[in-house]
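Participant: Sequential numbering of the sequence shown, starting at 1, is according to UniProt numbering.
One structure coming up, written as structure tokens, with questions to follow.
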Amino acid sequence: MKPLDERDWPRLPRPGSRVFIGGGAAVPQALVASMLAHAERFVDLEIVHIHGLGPTPWIEPRYEQVIRTNSFFLTPALREAVERGQADYTPCAMSEVPALFQTGRMPIDVALVQVTPPDERGLCSLGVSVDVTRSAVKSARLVIAQVNPKMPRTGGDSLIPVKDIDFFLKHAAPLPEAEVAKIDERQERIGCYAAQLIDDGATLQVGLGNTPEAVVRALTKHRQLGIHSGMFNDALMDLVRCGAADNSRKSYKPGKIIASRVLGGRKLYRFVDGHPDLELHPSDWVNDPHRIARNDRMVAINGAREIDLTGQVVRDSSGHRFYGGIGALQDFIRGAGRSKGGRPIIVLTSLTDDGKASRIVTGLQPGSGVCTGRGDVHHVVTEYGIASIYGNSIRERVARLVEIAHPDHRESLLEGARTRGWLPKFFTMPGGARGEVESEWVTFSGARFRLRPLHPSDMHALQSFFYSHDEETVRLRYGYQRGRMTGESAYKLAAVDQAKDHALGLFAEQGGREELRAVGRFYLDPSGNTAEVAFVVHESTRRVGMAGFLLGELAQVAKKRGIKEFWASVLAENHGMAALFVRAGGVSDGLGEDCEFRLPVSRILRWRDGYLAGKTIFRETR
């Protein structure tokens, strides 16, 4: 390794050379400035790089005749350069970029990188950006390094011997800091919904963007989380510092934070400097789907620009215009999907940033590129809820995605789906647009169930619920002998106008799908002061307090809406339900085969607190 002499530049990049520039927070700006000072002496250079913080002076129009840029990720400035014909975009998953360099498909002549000063063993660290930089260093004919004493020294596979560096320029400079994500109310709700999909002990990956970061910020009350992510950022650091992420339950590399780059602020760079539990490895290692899948309960959290009703995800374009890049999306979606108990999650706001268009669409714009195929998508989250679509038919996934679209666009999405034959004609979307987060986990005698309103897409769950009952349950709860429950009949029970009536379900998770275990609902009477109430609890989950719990939940909603009294008609032999209503303050006429109970809502609410205190029922407070 020898010092770089300014007079060396004209002979270092040969005519037609491909020059790699390190990315992330490790763009060697001093080296770049030094090189560009001699740009008039270069002949047809190609600059190659990934996403980086800070300025990109090499795309200025004055260099157009001597330098062309080829990037794997587009910032707004780079996108403008592409559109004016001065730059190129190469779509490629991060796990596959190193192979382009190493196999010679995209040979690197000169690599400009940033490193720490060498230690006593003569080893420099690539610091906060190992990612694809490691393979560029290995593949390049010449390696020129900016030696920065302010670069954090990181562990893992970040070290390179000084003998592998041909020239160096010593220049101390603070690392550029990423902008602090501004999280709006919609993204906060998305974070709360997505957090419900993430269990304690899960291992996390988070992609670039405000919405994925909002999910990480919602996990501070989780415990024993692990980190295996292409990017380690401020939000993930905060999980470590607050004790939510200790990597103790990771099945692969337990105790270690695994990443390929660090991107954030000054506190983050101080945190990773010499951190004994942080390992940075190249992107082809960290982002390898097979290696990702070795983490049990792997959760991949990534954003998207658009998704169609069949589940196709667009990430790097909008029509014929390119934005961002594929990045780690494909790698971690597939890796998490293969993980035992893994959960790939796509998060996006229901509307575009300008509020003019839906991000959930019937059909993609011409020119939009699909980064993730419909078969790889498991969970989609907007501020209106969760659509779990993996393994679902087109009909089921269309219904679920419409339900989490913005209310202003649901009817047009339904019409588009019906026109294409994806939904039956009877399928409509009732009123009662969702606002605040409406689902949560509730534990009954040690078993977890998701509490949430019924939606039209639950019609298959209701059918399965109905056919799983024994004959006595059908007779006592539905009031007739077993018959058929057609899809249309189930739809009518599930498609509740939640602004008028109200229906709540308790769902158990089985093999990645939701199974209905209890339903409670009320139907508003014309007077607006009273409502009929009804419950059905599955035989397998009786006597743990579900019906009483649901009665209390419905009473809370009724009070807010000004409903004064519930009433219910109960078969005389249905002793369990009759006893519940009596305990809740109900009064019965006690005549005939049916007993009609009247239950003042105020009495139910007074009874509710004592009822819950005597049961092993817990709400998750995080």
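The beta carbon of each residue, even a glycine, is placed where N, CA and C say it ideally should be.
Quick caveat, the model's predicted, so the values are computed rather than measured.
Just to check my reading of the structure: Ala518 and Ala494 have Cβ atoms closer than 8 Å, yes? What is that Cβ distance to the nearest angstrom?
Facilitator: About 14 Å; that fails the 8 Å criterion.
Participant: Is it buried or exposed for Lys560, if we count other Cβ within 10 angstroms and need 16 for buried?
Facilitator: It counts as exposed.
Participant: Please report how far the alpha carbon of Lys2 lies from the alpha carbon of Asp119, in whole angstroms.
Facilitator: Between Lys2 and Asp119, the C-alpha separation is close to 16 Å.
Participant: What are the partner residues of Tyr523, as DSSP defines its beta bridges?
Facilitator: According to DSSP, Tyr523 bridges with Glu532.
Participant: What is the DSSP secondary structure of Arg517, reduced to helix, strand or coil?
Facilitator: Reduced to three states, the DSSP call for Arg517 is strand.
Participant: Taking the alpha-carbon positions, what's the Ser339 to Thr154 distance?
Facilitator: One C-alpha to the other measures close to 28 Å.
Participant: Roughly how far, in whole angstroms, is the beta-carbon of Tyr193 from the beta-carbon of Gly385, given that I think they are within contact range, below 8 Å?
Facilitator: Contact holds; Cβ gap of about 6 Å.
Participant: Once you ignore the five residues that flank Lys425 on each side, which residues in its own chain have a CB closer than 8 Å to its CB?
Facilitator: Counting only Cβ-Cβ distances below 8 Å, and skipping sequence neighbours, we find Arg418.
Participant: Between Arg315, Phe332, Asp354 and Leu414, which has its C-alpha nearest Gln365's C-alpha?
Facilitator: For Gln365, the nearest C-alpha among the options comes from Arg315.
Participant: From residue 637 to Asp44, what distance separates their C-alpha atoms?
Facilitator: Only positions 1 to 622 of the chain appear in this structure, which leaves residue 637 out of reach.
Participant: Closer than 8 Å is the cut-off here; do at least three beta carbon pairs connect the segment 291-311 with the segment 208-226?
Facilitator: Touching, yes, given that three or more Cβ pairs across the two stretches are closer than 8 Å.
Participant: Can you look up Trp422 in the DSSP assignment and give me helix, strand or coil?
Facilitator: The answer is coil: DSSP assigns Trp422 none of H, G, I, E or B.
Participant: Measure the beta-carbon distance from Asp238 to His222 and round it to whole angstroms, keeping in mind my assumption that it falls under 8 Å.
Facilitator: Not really, about 12 Å apart at Cβ, beyond 8 Å.
Participant: Taking contact to mean 3 or more Cβ pairs, one atom from each stretch, closer than 8 Å, check whether the segment 110-130 and the segment 239-257 are in contact.
Facilitator: Judged by Cβ distances under 8 Å, the segment 110-130 makes no contact with the segment 239-257, as fewer than three pairs qualify.
Participant: Can you tell me which of the three DSSP states Thr90 falls into?
Facilitator: Coil.
Participant: Helix, strand or coil for Ala433 per DSSP?
Facilitator: Reliability fails at Ala433, whose pLDDT of 48 lies under 50, so the model's placement of it is uncertain and the value that follows must be treated cautiously. Three-state DSSP puts Ala433 in coil, outside helix and strand.
Participant: Residues in its own chain within less than 7 Å of residue 628 by CB, not counting five upstream and five downstream?
Facilitator: Residue 628 cannot be examined here, being either before or after the span of the chain that is shown, 1 to 622.
Participant: Please work out which residues of its chain come closer than 6 Å, Cβ to Cβ, to Ile165, disregarding the five sequence neighbours upstream and downstream, and give them in chain order.
Facilitator: So the list reads Met1, Val143 and Ala145, once near-sequence residues are dropped.
Participant: Could you spell out the range, first to last residue, of the beta strand (DSSP E) harbouring Ala447?
Facilitator: Note, Ala447: beta strand (DSSP E), Ala447 to Pro453.
Participant: Examine the Cβ distances between the segment 50-59 and the segment 291-298 and report whether three or more of them are shorter than 8 Å.
Facilitator: No, because fewer than three Cβ pairs between the segment 50-59 and the segment 291-298 fall closer than 8 Å, the two stretches do not touch.
Participant: Considering only residues of the same chain and omitting the five flanking positions on each side of Pro10, which have a CB-CB separation below 7 Å?
Facilitator: Counting only Cβ-Cβ distances below 7 Å, and skipping sequence neighbours, we find His38 and Arg41.
Participant: Residue range of the beta strand (DSSP E) that Gln510 falls in?
Facilitator: Run containing Gln510: His502 to Gln510, per the beta strand (DSSP E) assignment.
Participant: Taking only three categories from DSSP, how would you classify Met231?
Facilitator: Strand at Met231.
Participant: From Pro15 to Lys163, what does the alpha carbon distance come to, in whole angstroms?
Facilitator: The alpha-carbon atoms of Pro15 and Lys163 are separated by roughly 26 Å.
Participant: Straight-line CA distance for Ile258 to Val380?
Facilitator: If you take the alpha carbons of Ile258 and Val380, they lie about 25 Å apart.
Participant: Might you give, ordered along the chain, the residues of its own chain that have their beta carbon closer than 6 Å to the beta carbon of Leu100, omitting 5 neighbours on each side?
Facilitator: These residues qualify, in order along the chain: Met106.
Participant: Can you tell me the Cα-Cα spacing of Gly576 and Tyr523, whole angstroms?
Facilitator: Taking the straight line from one Cα to the other gives about 22 Å.
Participant: Using a Cβ-Cβ cutoff of less than 7 Å, which residues in the same chain neighbour Ile59 once the five nearest sequence positions on both sides are dropped?
Facilitator: Taken in chain order, the residues that qualify are Thr69, Ala77, Leu78, Ala81, Gln86 and Ala87.
Participant: Which class does Phe271 belong to by DSSP, given the choice of helix, strand or coil?
Facilitator: Phe271 falls in the helix class under three-state DSSP.
Participant: Give the DSSP-derived three-state secondary structure of Cys242 in the structure shown.
Facilitator: Cys242 falls in the coil class under three-state DSSP.
Participant: Consult DSSP for Gly552 and reduce its assignment to one of helix, strand or coil.
Facilitator: Correct three-state label for Gly552: helix.
Participant: If you count every other CB in all the chains shown that lies within 10 Å of the CB of Ala433, and 16 or more means buried, which is it?
Facilitator: Residue placement at Ala433 cannot be trusted, given a pLDDT of 48 that sits under 50; the coordinates are not used to answer.
Participant: In whole angstroms, what is the alpha-carbon distance linking Ala328 and Asn287?
Facilitator: Using only the alpha carbons, I get a separation of about 7 Å.
Participant: Assign Pro61 to one of three DSSP states: helix, strand, or coil.
Facilitator: Here Pro61 sits in helix by DSSP.
Participant: Figure out for me which residue from Ala178, His290 and Leu462 has the closest Cα to the Cα of His538.
Facilitator: Among Ala178, His290 and Leu462, the Cα nearest to that of His538 is on Leu462.
Participant: Return the first residue and the last residue of the alpha helix (DSSP H) that Trp285 is part of.
Facilitator: Here the alpha helix (DSSP H) through Trp285 covers Ser283 to Val286.
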